[in-house]
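Just so you know, we're using this note's numbering here: the sequence shown kicks off at 703 and counts up by one.
To start, the structure under review is shown below, and the notes come after it.
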Amino acid sequence: MTESNRLGSDVLLTGATGFIGAFLLHKLLEGTQARIHCLARGETAEAVLRRLQAAQSRYGLGTPDPSRIVPVPGDLAAPALGLARSRFDELAGAVTAVLHSGAEVNLLRPSRMLQATNVAGTREILRLAGAGKAAVVYVSTSEVFGPADGTADESTSPEGALQPVSGYGQTKRAGELLVLRAREDGLPAAVLRLDRVAGDSRSGACQPDGDDFWLLVRSALTTGVLPDAPVNMTPVDFAAEAVLALTATPGTGLTGPVAHLRHPRPVRMAEVAAALGEPVSVVPLDEWAATLRHHGERPDCDPILRLLPLMVERVLGGRPRFLAPLTTTALDRLGLRYPPVDTPLLGKYVRQLRSTGFLPAPIRTSTG
Ligand SMILES: NC(=O)c1ccc[n+]([C@@H]2O[C@H](COP(=O)([O-])OP(=O)(O)OC[C@H]3O[C@@H](n4cnc5c(N)ncnc54)[C@H](OP(=O)(O)O)[C@@H]3O)[C@@H](O)[C@H]2O)c1
703 MTESNRLGSD
713 VLLTGATGFI
723 GAFLLHKLLE
733 GTQARIHCLA
743 RGETAEAVLR
753 RLQAAQSRYG
763 LGTPDPSRIV
773 PVPGDLAAPA
783 LGLARSRFDE
793 LAGAVTAVLH
803 SGAEVNLLRP
813 SRMLQATNVA
823 GTREILRLAG
833 AGKAAVVYVS
843 TSEVFGPADG
853 TADESTSPEG
863 ALQPVSGYGQ
873 TKRAGELLVL
883 RAREDGLPAA
893 VLRLDRVAGD
903 SRSGACQPDG
913 DDFWLLVRSA
923 LTTGVLPDAP
933 VNMTPVDFAA
943 EAVLALTATP
953 GTGLTGPVAH
963 LRHPRPVRMA
973 EVAAALGEPV
983 SVVPLDEWAA
993 TLRHHGERPD
1003 CDPILRLLPL
1013 MVERVLGGRP
1023 RFLAPLTTTA
1033 LDRLGLRYPP
1043 VDTPLLGKYV
1053 RQLRSTGFLP
1063 APIRTSTG
């Protein structure tokens, strides 16, 4: 990415203390000359900077250049993003683009608990961007589509049978609607929906607490079974690079209001089992669900299995096929190719999650 990108000289980034935001910050520092204003929770600018640096180090991204970062202590859930009015106005006057990745990402909480951050926070972000007509990139999710048969591409609306059922999906959808309305009113704004995001394709660094996919994998170490359900995962470093390239490259990037990022090749559970190197079988969905229920009833069960109803519901509930025809064409134009998520990379993820203690040490040595 060059200086002549559409993001301009001053980018406001939210969520940079989190997983995807940390990689967005890293790519922005690496690929642009912009000053990056990072709005994050913290009492002082120094505290925010320390949290940003900790996130870079957690994901093996090195030490960021503090002279390029403007830490902004704030809170998406608070009026005016938790900023004094003069600071809000000053920021609104300075920023040329906003990358809004911050959100409360929680599949268990009801929407009323997520509204303030995910919906009101997005409204405040748009108010700030609108003052100076700054471009807005809203990082969204395939979770805006609820469990239903069919397909969902960039032009499909998450409504009717496809409307989200989780509070998280509902609040991200409500955020999208605000962004798309602002776009209709003339703000240069876009929605980038990401499907499942996996660890860094180079280092294997994953979210330290795993996500629901790795919870499911961890449960297999107790139950001995994985469901025969392929899964598409996009490595986080590629997701961050693609988000920036699609939105920042004049002429060749995103042309419509919505983009979809989804790895074209699904990973088969047999590959995951092989990467684990443990005695785990891949079984039909109903057999897997019955085995999980059986284990969940045992008093000594792994506490992870308390999340069993959610896991079963999510795997058995079905999803529309998440498709990305327009975005795939745009990525081709940009010369960007999804890195393979194959046995060596899955092995890296497993080793990394073992090193953090999220997955237990192997029972027997893998031959793979
Ligand atoms: N991970 C995935 O597989 C995935 C897939 C599709 C889309 N997404 C989207 O990607 C974005 C980032 O997700 P993630 O996986 O990186 O989540 P994450 O690791 O949980 O990060 C969330 C970020 O949002 C910040 N945040 C939450 N509430 C806030 C508040 N009230 N004020 C200020 N900041 C707040 C968090 O700050 P703290 O550090 O202070 O908590 C953190 O920096 C989200 O918009 C999500 O919808 C994620």
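Positions of the beta carbon are idealized from the N, C-alpha and C atoms, including for glycine.
Relative to ligand 1, the beta carbon of ILE827 is positioned no closer than 6 Å to any heavy atom. In this structure, DSSP gives ALA742 an extended state, which the three-state scheme calls strand. Shortest gap from the CB of GLU806 to any heavy atom of ligand 1: under 6 Å. In this structure, ALA836 lies near VAL797, with their beta-carbon atoms less than 7 Å apart. Cβ neighbours of GLN872 within its own chain (closer than 6 Å, five residues either side excluded): SER813, PRO866.
Going by C-alpha positions, GLY1037 is about 25 Å away from ARG1023.
Distances from the alpha-carbon of LEU896 to those of MET815, ASP914, HIS965 put HIS965 closest. Listed in chain order, the beta strand (DSSP E) runs fully inside the stretch 710-756 are 712-716, 737-742, counting runs of at least 3 residues.
Within the stretch 924-1009, the complete beta strand (DSSP E) segments of 3 residues or longer fall at 927-929, 960-963, 983-985, listed in chain order. At a cut-off of 6 Å, the beta-carbon of ARG1000 does not count as near ligand 1: no heavy atom of the ligand is closer than that. Here the distance from the Cβ of GLY717 to the nearest heavy atom of ligand 1 is below 6 Å. Going by beta carbons, PHE725 and ALA942 fall inside the 7 Å limit. If you draw a 10 Å sphere on the C-beta of ASP1002, you find fewer than 16 other C-beta atoms in it, and that means exposed.
Looking only at THR719, GLN735, LYS729, THR716, the smallest Cα-Cα distance to GLY710 is reached by GLN735.
Residue VAL750 holds the alpha-carbon nearest to the alpha-carbon of THR719 among ASN707, GLU732, VAL750, LEU731. Annotation for THR824: no beta strand (DSSP E) segment contains it, though the alpha helix (DSSP H) segment containing it runs 823-834.
Between PRO986 and ASP913, the C-beta gap is not smaller than 7 Å, which leaves the two residues out of contact. PRO981 and THR936 have their alpha carbons spaced roughly 26 Å apart.
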